[in-house]
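Remarks on the structure that follows.
In my numbering, the protein residues as written are 32 to 120.
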């Protein structure tokens, strides 16, 4: 998974887990903001995509399959989504 890390002024380590598409969009900004690239590959979930995910926003990951896939069918990013309504927990 494209993984980035950075320590803040208090010494706390923060991570960004991104899909390849979001990584391509944010790479320059992350480098400019002193983030360090530590790993390649696809993540189980992308921090940026997750922020736009209706299942996450409405807390529907535990809902029945028909509900999850119904929400995903209306998502513009569905074709690129690594989860596509699948409930792994």
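Ideal placement from N, C-alpha and C gives every residue a C-beta, glycine not left out.
A straight-line Cα-Cα distance of about 26 Å links residue 48 and residue 96.
DSSP lists 48, 70 as the bridge partner or partners of residue 34. Judged by DSSP in its simplified three-state form, residue 99 adopts helix. Secondary structure note for residue 85: its alpha helix (DSSP H) is the uninterrupted segment 85-88. In summary, residue 54 is buried, with 16 or more beta-carbon neighbours lying within 10 Å of its beta-carbon over all protein chains present.
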